[in-house]
Amino acid sequence: YFNSLQSECFLGTFLSDINMVISAPTGSGKTVLFELCILRLLSRYLTPGGKLSLIRGGFKTIYIAPSKALVQEKLRSWKHKFGQSLGVKCIELTGDSEAYNAQDMQETDIILTTPEKFDSVSRRCVKNGGLGFFGDIALLLIDEVHILSESRGAALEAITSRIKMLAHSPELSSCPLANIRFVAVSATIPNIEDLGKNFLIPMTLS
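Under this note's numbering, the very last position in the sequence shown is 208; numbers go up by exactly one each time.
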């Protein structure tokens, strides 16, 4: 069963592709909202038999959290929920994670990472001409988005600016990135309306 927050957000998370900034207390079930967004994306490629028909890594989800502990917690959960049942490939991309080559990254469906690590990796991809990797990103999930107002916010802001810029690139106009969806959550966002307008986009929900 869904709690009140999840019921209120069900329309926005699972029955639409709108961009969202969600502010709700700790322990209110915000992770389920991320999972509904992932299921929304995956549901487009389910066969009648419940198998995924999409090309491996062809529609990527990027999950960004401020700590390795949070990344690893979600990785364990999502490997169980999405990996075992649907065959979705999830990897951790942090300073502690094993090194992945370009093919590993290309064939991964859900990448779980920290702002600093993904900023570094994405800058390197752009520098080396790896636009194909970006083109496959369909969903960006940002946990604890209030870190934007902290010293670490620069890396997160750089990531979103880079992705939004590439999403308007003519070279990637036919890729999933052209219609990328942003969903951000936090327990403490004092300026949620401003964040929705200036950082992510049109629609906010609190």
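All residues carry an ideal CB built from backbone N, CA and C; glycine is no exception.
In the DSSP assignment, find the alpha helix (DSSP H) that holds residue i and state where it starts and stops.
i      : result
VAL73  : 70–80
VAL187 : VAL187 -> not in any alpha helix (DSSP H); beta strand (DSSP E) instead, spanning 183–188.
LYS91  : From DSSP, LYS91 is part of no alpha helix (DSSP H); its letter is neither H nor E.
ALA104 : 104–108
Under a three-way DSSP split, which group does residue i fall into?
i      : result
ALA160 : helix
SER25  : strand
LEU43  : helix
THR15  : helix
Compute the Euclidean distance between the alpha carbons of residue i and residue j, then round it to the nearest angstrom.
i      : j      : result
PHE135 : SER79  : 25 Å
LEU77  : VAL34  : 14 Å
ILE64  : MET107 : 11 Å
ASN21  : ARG183 : 6 Å
ASP121 : THR162 : 9 Å
LEU95  : TYR3   : 32 Å
VAL73  : PRO172 : 33 Å
LEU197 : THR190 : 12 Å
ARG126 : LEU43  : 27 Å
GLU118 : ILE139 : 18 Å
SER9   : GLN86  : 26 Å
GLU109 : ILE57  : 8 Å
ALA218 : LYS81  : The shown model of the chain, from 3 to 208, leaves out residue 218, and the question about it has no answer.
THR69  : ALA160 : Before going on, a small fix: residue 69 reads as Ser here, not Thr. One C-alpha to the other measures close to 18 Å.
ILE144 : GLY97  : 18 Å
PRO178 : LYS62  : 9 Å
GLU152 : ALA71  : 19 Å
ALA186 : ARG154 : 16 Å
GLY137 : GLY60  : 9 Å
LEU150 : LEU38  : 24 Å
Excluding sequence positions up to five away, which residues of its chain have a Cβ less than 6 Å from the Cβ of residue i?
i     : result
ARG46 : none
PHE84 : VAL90
THR49 : SER55
Taking the beta strand (DSSP E) that residue i falls in, what are its first and last residues?
i      : result
THR115 : 112–115
ILE20  : No beta strand (DSSP E) holds ILE20; DSSP gives it neither H nor E.
ILE144 : 139–144
ILE191 : Looking at the DSSP string, ILE191 is not in any beta strand (DSSP E), and its letter there is neither H nor E.
TYR65  : 62–66
Which same chain residues end up closer than 7 Å to residue i when comparing Cβ atoms and leaving out the 5 residues on each side of it in sequence?
i      : result
ALA180 : ALA169, LEU174
SER6   : none
GLU146 : ALA67, PRO68, SER188
Going by beta carbon distance, what residues of the same chain come within less than 8 Å of residue i, once the five residues before and after it are set aside?
i     : result
LEU41 : PHE16
Note to self: Check whether the segment 161–171 and the segment 27–34 are in contact - that is, three or more C-beta pairs closer than 8 Å.
What the structure shows: Segments in contact, no.
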